[in-house]
Structures are given as structure tokens and as C-alpha cells.
Amino acid sequence: MSRRGEDPKALPRDGRDLTGDALHERLSLTWHTSPGFWGWLTTVDHKLVGRRYIFTALVFLILGGILALIMRVQLARPESGLISADRYNQIFSMHGTTMMFLFAVPVMEAMAVYIIPLMLGTRNIAFPRLNAFSYWVFLFGGIMIWVAFLFNVGPEAGWFSYVPLAGPEYSPGKRTDFWAQMITFTEVAALATSVELVATIMKQRAPGMSLNRVPLFAWGVLVTSLMVIFAMPAVMLSSSFLIADRLVGTQFYNPTEGGDALLWQHLFWFFGHPEVYIIFIPALGFVSQITETFSRRPIFGYPVMVLALVSIGILAFGLWVHHMFATGLPRLGYSFYTAASMMIALPSGVQIFCWIATMWAGRPRFTVPMLWVIGFIITFVIGGLTGVMVASVPLDLQLHDTYFVVAHFHYVLIGGAVFPLLGAITFWFPKFTGRMMDETLGKLSFAIGFIGFHLTFFPMHFTGLMGMPRRVYTYPSDIGWNMLNMISSIGAFIFASALLLFMINALVSYRKGLLSGSNPWEASSLEWAVPSPPPPYNFAHIPVVEGRTPLWDAGGTLSVVSGLRVEDRELLLTTAIDAEPDVREPSPLPTIWPLLAAIAVTALFIGSIFNPWAIVWGAIPLAATLTVWFWPKGPPEAEPVIE
Amino acid sequence: MTLPVRFTRDLSELPTHAFGTRSLTWWGVVGFMLIEGTGFALAIAAYFFLMSQEQLWPPSALPPKLLWGTLTLAVMLLSDIPNVWVKKAAEEERLRDTRIGLVIMSIVVIPLLVLRGFEFANLNIGWDRNAYGSILWALLLLHTTHLLTDWVDTLVLAALMFTEHGGEGRRFVDTSENGLYWHFVVLSWIPLYVVIYWVPRMTTGGLIG
Chain A
3 MSRRGEDPKA LPRDGRDLTG DALHERLSLT WHTSPGFWGW LTTVDHKLVG
53 RRYIFTALVF LILGGILALI MRVQLARPES GLISADRYNQ IFSMHGTTMM
103 FLFAVPVMEA MAVYIIPLML GTRNIAFPRL NAFSYWVFLF GGIMIWVAFL
153 FNVGPEAGWF SYVPLAGPEY SPGKRTDFWA QMITFTEVAA LATSVELVAT
203 IMKQRAPGMS LNRVPLFAWG VLVTSLMVIF AMPAVMLSSS FLIADRLVGT
253 QFYNPTEGGD ALLWQHLFWF FGHPEVYIIF IPALGFVSQI TETFSRRPIF
303 GYPVMVLALV SIGILAFGLW VHHMFATGLP RLGYSFYTAA SMMIALPSGV
353 QIFCWIATMW AGRPRFTVPM LWVIGFIITF VIGGLTGVMV ASVPLDLQLH
403 DTYFVVAHFH YVLIGGAVFP LLGAITFWFP KFTGRMMDET LGKLSFAIGF
453 IGFHLTFFPM HFTGLMGMPR RVYTYPSDIG WNMLNMISSI GAFIFASALL
503 LFMINALVSY RKGLLSGSNP WEASSLEWAV PSPPPPYNFA HIPVVEGRTP
553 LWDAGGTLSV VSGLRVEDRE LLLTTAIDAE PDVREPSPLP TIWPLLAAIA
603 VTALFIGSIF NPWAIVWGAI PLAATLTVWF WPKGPPEAEP VIE
Chain B
561 MTLPVRFTRD LSELPTHAFG TRSLTWWGVV GFMLIEGTGF ALAIAAYFFL
611 MSQEQLWPPS ALPPKLLWGT LTLAVMLLSD IPNVWVKKAA EEERLRDTRI
661 GLVIMSIVVI PLLVLRGFEF ANLNIGWDRN AYGSILWALL LLHTTHLLTD
711 WVDTLVLAAL MFTEHGGEGR RFVDTSENGL YWHFVVLSWI PLYVVIYWVP
761 RMTTGGLIG
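Those sequence lines, one after another, are chains A and B.
If you count the first sequence from 1, position 581 lands on 583 in the working numbering, and the numbers rise without skipping.
If you count the second sequence from 1, position 160 lands on 720 in the working numbering, and the numbers rise without skipping.
What follows is the structure in C-alpha cells.
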């Protein structure tokens, strides 16, 4: 390796003289992750971290789904004695917690971690060690809450843990403490990933990819990451107040000592409402990429689409109080939040019309990803309409906390995010693995899934209108809810079997699927310019972008820049707006320290549930691991050194 | 690459580090400043939310003693002078001055931590007495966490500057961004100081209630 004192000009770089196989060999050596267990623990490759992030989030989807099925078995018949009320409380709390905090947000960020650097034409994500750290913290937080649940100390006050129910008086023991610390784990992970993604999108785009050429998925991820940055501190603050009330006797939420239960609701929903869009906006990005590819034409109304994403991101922060209509608000508050809630339907509607226009003007191919997109449009429009309904205060007061709301948010979350996700996994599966998912099985799982979903959740609108409240562990047999509940339960199993089929398809295709080549769908964005799966360094030469659909514009020859070093990990930074080449930036090597720091964080968080002083003592190993993590190893870099 | 390529431009002349918005570090630091700034803003909002529920503010307590918080503010503002200087030295890549500046910044935090101890001791209320006490402690604790993390950060960076890695361009970028973060710690103290020490003084005597 070249080091201090050598002439930087003599360092080997990619270019005309170093390209093809020779370049591949040298870059692979520089960027590879060591094989075996040690390599697995230390990798900072965004593709490996992204893949395991997606996989882990899907495991939590299965776990959360199993809980849903258990609830549907319990509710299939009236007065069922299968599950006790206390167990049921834990199950629905864990179902919501798992789906929101351990599946939905992480899986969207995980997809971005894998796809974004490839889509932007760079060699790794910004702050890749932080990325590895984020994964470990997420994993340990998820394991913690599930182990607690299995030991009967799972959360019991619902996924939004309202006080006073979740406070020290009504939720004694450690159950809610584990929930509050799970929040801290997952939010630390999500915040870290968001900072990486913002930095990557703003600074690591391929030359020429000015902001008006950024793919819509990347725009979506940028908006989402900024939303995470502004929304998640609210839930960290509120859950820290909660655990402090429970463990060290603070009085934030205690009305007898000047605290206020509504403070919890405000802080929680200031996070909780944007959270829905944090899950939904990346899905909009999936839909745009898929629609563009399979309509075989550039997306219709690109500037309007970008503006719609940004305005959804902003409006999402003005809606939180619509979760609190039933708490009693000033009249002006009602009107304001009703208006804001209805307003957000506008940019969502604009997007839907743009996708329809894209399909209309294109030559659509109805592949599996496209089918999921169509399923999404139908389902999401229904969910959006019930959303506009409950935005109206009188109706909301009637329907609040009933199964109508359960139906509404499953339509927007499953229809709005999980359908596009399944389409996106099918779409990018060849990039992840080098193989195609089976088309017939894919279509079958779409058909079964679409029917099963609507069979489960459509009847809930009526169960809700008939007055069935959420979160009841059973109901009497003589009030007319029996049939609707039975249909929902049957539908749930049908929907689950479609998901199972999807996963079997993924597993089988991973081993035996057709080899895909680099661009099986003839898509337009840069990730399809590299082999499937991509080599550790992603791009041998950094591509140059000349339009919004680079591979369609390239005409068979890709323009590239050269001159990055090959013996050290080097990325290209470009300017934030115009993406002009600006700086050659070193990228970190694999290391064990993010994992050790995550273990230190885990010890601190779990310790603090049992003893507040753990925050103080736990900070010492944490500071030590972080210091070693940041401390440069090996001799100084070859360039530039100021003597 | 699976497509044939056409070389357009050789980038080997580009620098390998740069300051401010041109560096990745700046974006990372600003990202975390936004996160923590949002945290501060929401904690302040929680303070006023709790205040709006009360007839008297501060409820059953005297306002925190003014002296220590004000001294902290003064020292904090003064500490930004060497901070500006070391940031400039780093951006001009003057190794010796950067070393001196980082040592000064490492020392400057010590009196601040001592003053902070006096602040906690003179809040005139426990965190468990009532919600006012809780939010007061929360605000001060939040800011103290930043003081501590930036101190550790500065110590590590100062030590690093005296090793063979001190001359690397990236260390100057780190120092510059560390200076940016200290600005944030200083600036965020101003609204927190007003809320902790002056809002209770403006409201006693019946301004609310």
C-alpha cells in the first residue's frame, strides 16, 4: 500500500489504463468483506448490512403476523376463552409495536440502505460504520422486547402506550419500561440511518445527477429521512419522560402533581402521525420506480411528483392532533386539524393521477411488481377515503377507537406500504440475489393476498360502524358481530398464506430462480447498470448522468468519470444541488467497533430499566468503544498530509 | 459495469478533503444538530405546555437561583472566542494552533461542568416534587449531556492531534466540525437559560393565573 511520502500522482487509479478485469480484481481486494464469521460481524458494506436489515425486518413481520393470527383466532368466535384478557393486551401491544417499530420503519430504511447508493451511482453509503451500528442496535432492541414478551413482561398498553394506563400506577412491573426502551433502541437506529441517507443523497450523487434528475425513490427517501430527523426526537423525549416517571419518580404525566396525560398524547402523535408518512413515502417511491419501468416511459409530471412528496412531508407535521379529537379541543383546533387532514389528500391524489397518466401514456407490462402497484392504488384510495371521513370531527367522535379505525389504518398501511413493498422486493430481488422470483407464484400470491386482505379488513368497517371497540379480547354473542368477525378471521388466514407463499417463492428463487443479468426489467436507473448481485465496490467507474432516466438516455454506452484511487476506499462527493464533482472522500474499512458500541448501548439501555445509575456507568464502556471506533488505525493516509 | 463505458473526465486532481458543506462530516454533524435541536425545542414546548396547566408558575417553588446559570452563560459565550479561533486555525490547516486551540477547548469545559453542578444544586426544586421540577431537571440534563459529549469529543480529538494522524487533512475537518458543534452547544444554552431562569421570574407576581 502506498503511504505517506510517496507521490500521490503515482497511486493507481481507475481509468483508461486500468479498467475491465484488472480493475475488478484490484477494487474487489480493496472493498471486499472478509469471508466467514468475522467478516460477517465487521462488514460495513451497505449491501450486506441492507440485506440483513431487510431480512431481520421481515422476520419481525412474520412474528407480528403470527400475533395477528392469534388475535383473529381469538376473535373468530364470541366469548372465546382461548386467550386471557391480560395475554391479549400484551399480544395486541406487541403486534402494533412490532409492526410499526420493528418492521415497517426499519424495512423501508433497509431498502433505502441497499438501493440508494446503487441508484445514485456511489460505492458505499455515507458513514457506513454508523450504518452497521444502526443495524445492531435495531436487532438488539427487537430481541430485547421479544424476549421480554416471551417471559410475560411484554408491553400491555398498546403501541401508543397512553398514560395514565402506561404510567406507574396502572402498569406496575417492568412491562412498559421494556416498551419505552425498545423505543429508544429503534429510534437511535432509525435516526442514525436517516442522517446517513440524507448525507448520501445530498453529497454522493453521480456527476450530473442534479436535484431535478434524482430518481423519485431517492426523493422519497430524502423527504422521509428529514421527517425522521424532525419527528423521532418527540417519541424519544416522551418515552424518556415516561420511563423517568416510572423509575425515578418524575411527575411529567401525573395530573396530581402538575403533570398532564395529554402531554404524552401531543408528544407521541407529533411523532406518530409523521410516522405513518415515514412508512408511506418510501412506498410511494417504490411505486414510482415500478410504474416508470413497467410503463416503459418516464414518469408523468416529475416536478409535480417531487412537490407532492415534499408537501406531504411538511403537511404530515400539521395533523397530529386529529388523533386527539376525542380528548376535547378548542373549536379552532378542530377546524384547523380537520382542514390539514383533508388537505394532505391533495398531494396524495396528485401522485395517483400521475401514476395513472404514466400507465395510460405508456405501454404497461403487467408483471408481478406492477400488479402489486395496481393493488396498492385500489386499496390505498379506499383507505384514503376513510381517512378523509375520520378527519371530520363528528364522525371521528363516533368512530374513534372502533374497528372502523382499525380497517382504515390497515388499508393505508398494508395497502399503502406493504403492497408496494412486496412489489419492490419482487422488483429488486434480481439485484439483491442475481436471480428472478418466480412469476407464476408471484401472481398467485398477489391474487390470494389481494383477496385475503380485503376479506379481512373490509368487514371491519362495518364491525366498527356497529360499535365494536378496538382492543377488546372478546365480545358477547348476541350483538350481531359474529359473522363479520368470522369473515375477518378467515380472510386473515388467506392473507397470511399469500405472504407465506411470497416468502417461499423468495427462498426457492434465491437458490433456483432464473439468472437475471444486470437489467432484467430494462429499467432506467443506475442500480441496473451494475451486475446482479453488485460487486463489493458497486461501480468500477463512477457513472455520469445526463437525464432523469440515465440508462434509457445512455444509448448503450455509459459515460463515466475516472481517477479514483483503487488501493484505498475512495468515493466521489459532488455538490449538493448540481452534482458537480468536488471531493474524493475516503470511505471506512470494516471494523468490529460498531458492534461493540452497540453492545455497550444495549447494556446501558437494558441496565437503565433496572437501575437508573446504569446510564452513568454504562456511558463509560460506550465512550470507550466509540473512541476506539473513531480512532484512525494503521499509518496515516497517503494524501494529503500537511507536514 | 455491464455496459461499455466512455471516459469523460479524470478526477484525480480533486482534493481529498474539504470544509463546510463540501465535507460529508458537516452533513453528519448538522443532521445530529437538527435531531438534538428538535429535542430541545420539544422539551421547551413541553415546559410551556405544563405551564399552561398551572395557576401559579413556578408552582410551590422559588425560581432557580440566577447567579450560576448566568455565570455559565457568560463562560459559555466567552468559550466561543477560542472556539472560533481554533475553527479558523483548523480550516487554514495550521497544525500548531489547532493543537493549542483544542487543548484550550478541552480545559474550558471544566469550569462549565463545575458551574453546571452548582446550577443543579440551586434549581430550588427536586425533579420528583412536581411536573415543573421534572421538566426543569430534564432541560438542564439534556443540555449537560451535550456539554459532556462534546467535551469527550474534544479530548479525543486533542489527543489525536498530537499523534502522527494529526497532520491529516481529515483531522482538520473534524476539528472544524467539532467547532461547529460547540457553537450549537453554546447557542442552544441561550433559549434554555431564558426558559429555566427567566420565565419563572417573568411569571411570578401574577403574570399568569
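The beta-carbon is built from N, C-alpha and C at its ideal position, and this holds for glycine as well.
Every value quoted in this text rests on a predicted model; they were computed, and no experiment measured them.
I need the boundaries of the alpha helix (DSSP H) containing residue i, first residue and last residue.
| i | result |
| --- | --- |
| residue 649/A | Since the displayed chain A opens at 3 and closes at 645, residue 649/A lies outside it and no answer follows. |
| residue 598/B | 584 to 612 |
| residue 590/A | Neither: residue 590/A is in no alpha helix (DSSP H) and is coded neither H nor E. |
| residue 353/A | 347 to 363 |
| residue 204/A | 177 to 205 |
| residue 513/A | 484 to 514 |
| residue 165/A | First-last for residue 165/A: undefined, no H or E at that position. |
| residue 71/A | 48 to 78 |
| residue 405/A | 405 to 412 |
| residue 24/A | 22 to 33 |
| residue 431/A | 421 to 435 |
| residue 295/A | 263 to 297 |
| residue 385/A | 370 to 392 |
May I ask which residues mark the beginning and end of the beta strand (DSSP E) holding residue i?
| i | result |
| --- | --- |
| residue 2/A | Nothing can be reported for residue 2/A, as the shown portion of chain A is limited to 3 through 645. |
| residue 567/B | 565 to 570 |
| residue 572/A | 572 to 576 |
Give me the residue from the options with the minimum Cα distance to residue i.
| i | options | result |
| --- | --- | --- |
| residue 593/A | 442/A, 261/A, 391/A and 131/A | 131/A |
| residue 368/A | 109/A, 441/A and 77/A | 441/A |
| residue 311/A | 227/A, 42/A and 476/A | 227/A |
| residue 137/A | 413/A, 494/A and 109/A | 109/A |
| residue 582/B | 613/A, 453/A, 580/A and 624/A | 580/A |
| residue 237/A | 262/A, 219/A and 272/A | 272/A |
| residue 66/A | 387/A, 99/A and 331/A | 99/A |
| residue 167/A | 219/A, 262/A and 140/A | 262/A |
| residue 620/B | 693/B, 634/B, 564/B and 742/B | 693/B |
| residue 637/A | 570/A, 614/A and 609/A | 570/A |
| residue 304/A | 511/A, 220/A and 53/A | 220/A |
| residue 243/A | 698/B, 565/B and 584/B | 698/B |
| residue 550/A | 196/A, 493/A, 211/A and 567/A | 211/A |
| residue 672/A | 148/A, 422/A and 445/A | Nothing in the structure corresponds to residue 672/A, since chain A is present only between 3 and 645. |
| residue 476/A | 63/A, 28/A, 75/A and 43/A | 75/A |
| residue 434/A | 113/A, 616/A, 380/A and 390/A | 113/A |
List the whole-angstrom C-beta distance separating residue i from residue j, where the pair is believed to meet the contact cut-off of C-beta under 8 Å.
| i | j | result |
| --- | --- | --- |
| residue 629/B | residue 679/B | 5 Å |
| residue 35/A | residue 538/A | 7 Å |
| residue 562/B | residue 533/A | 6 Å |
| residue 60/A | residue 495/A | No, residue 60/A and residue 495/A are not in contact; Cβ-Cβ is about 19 Å, not under 8 Å. |
| residue 429/A | residue 292/A | 5 Å |
| residue 576/A | residue 207/A | 6 Å |
| residue 419/A | residue 282/A | 5 Å |
| residue 25/A | residue 567/A | Not really, about 12 Å apart at Cβ, beyond 8 Å. |
Under 7 Å Cβ-Cβ, which residues of chain D neighbour residue i?
| i | result |
| --- | --- |
| residue 749/B | In the displayed structure, chain D is absent; the protein chains listed are A and B. |
Comparing the CB of residue i with every heavy atom of the ligand MN, is any distance shorter than 7 Å?
| i | result |
| --- | --- |
| residue 760/B | The ligand MN is not part of the structure shown, which contains no ligands of any sort. |
Q.
For the region 589 to 605 of chain B, list every residue whose C-beta sits within 7 Å of some C-beta in chain A, in sequence order.
A. 591, 592, 594, 595, 598, 599, 602 and 603
Q: Indicate whether the contact test is met: 3 or more Cβ pairs, each with one atom in the region 598 to 605 of chain A and one in the region 596 to 612 of chain B, closer than 8 Å.
A: no
Q. Looking at C-beta atoms only, is the number of pairs between the region 312 to 324 of chain A and the region 266 to 273 of chain A that lie closer than 8 Å three or more?
A. yes
Q.
Beta carbons nearer than 7 Å to chain B: which residues of the region 199 to 210 of chain A have them?
A. 200, 201, 204 and 205
**Q.** Residues from the region 581 to 595 of chain A in contact with chain B, defined by Cβ distance under 8 Å
**A.** 583, 584, 585, 586, 587 and 588
Q) Between the region 524 to 542 of chain A and the region 103 to 123 of chain A, do at least 3 Cβ pairs fall closer than 8 Å? A) yes
**Q.** chain B contacts from the region 543 to 573 of chain A (Cβ-Cβ distance under 9 Å)
**A.** 543, 544, 545, 546, 553, 556, 558, 559, 560, 561, 562, 563, 564, 565, 566, 567, 572 and 573
**Q.** Positions along the region 572 to 585 of chain B whose CB lies within less than 8 Å of some CB in chain A
**A.** 572, 573, 574, 575, 576, 577, 578, 581, 582, 583 and 584
Q: Say whether the region 482 to 489 of chain A touches the region 497 to 507 of chain A, bearing in mind that this needs 3 or more beta-carbon pairs closer than 8 Å, one atom from each stretch.
A: no
Q.
Below 8 Å, how does it come out for the region 394 to 403 of chain A and the region 357 to 365 of chain A: are there three or more Cβ pairs, yes or no?
A. no
Q.
Please identify, using Cβ separations under 9 Å, the residues of the region 259 to 282 of chain A that lie next to chain B, in order along the chain.
A. 259, 260, 261, 262, 264, 265, 268, 269 and 272
Q.
Contact between the region 440 to 459 of chain A and the region 502 to 515 of chain A is defined here as three or more beta-carbon pairs at a separation below 8 Å; is this criterion met?
A. yes
Q. Is there contact between the region 662 to 674 of chain B and the region 610 to 625 of chain B, where contact requires at least three CB pairs shorter than 8 Å?
A. no
Q: Say whether the region 733 to 748 of chain B touches the region 644 to 657 of chain B, bearing in mind that this needs 3 or more beta-carbon pairs closer than 8 Å, one atom from each stretch.
A: yes
Q: Report yes or no: do the region 43 to 61 of chain A and the region 456 to 473 of chain A share at least 3 C-beta pairs separated by less than 8 Å?
A: no
Q) Should the region 602 to 622 of chain A be called in touch with the region 570 to 585 of chain B, which here means at least 3 C-beta pairs below 8 Å? A) no
Q) Is it a yes or a no for the region 146 to 157 of chain A touching the region 193 to 205 of chain A, going by three-plus beta-carbon pairs under 8 Å? A) no
Q) In the region 617 to 633 of chain B, which residues sit with their C-beta less than 9 Å from some C-beta in chain A, listed in chain order? A) 619 and 620
Q) Taking any Cβ of chain B, which residues in the region 621 to 635 of chain A have a Cβ under 9 Å from it, in chain order? A) 621, 625, 628, 629, 632, 633 and 634
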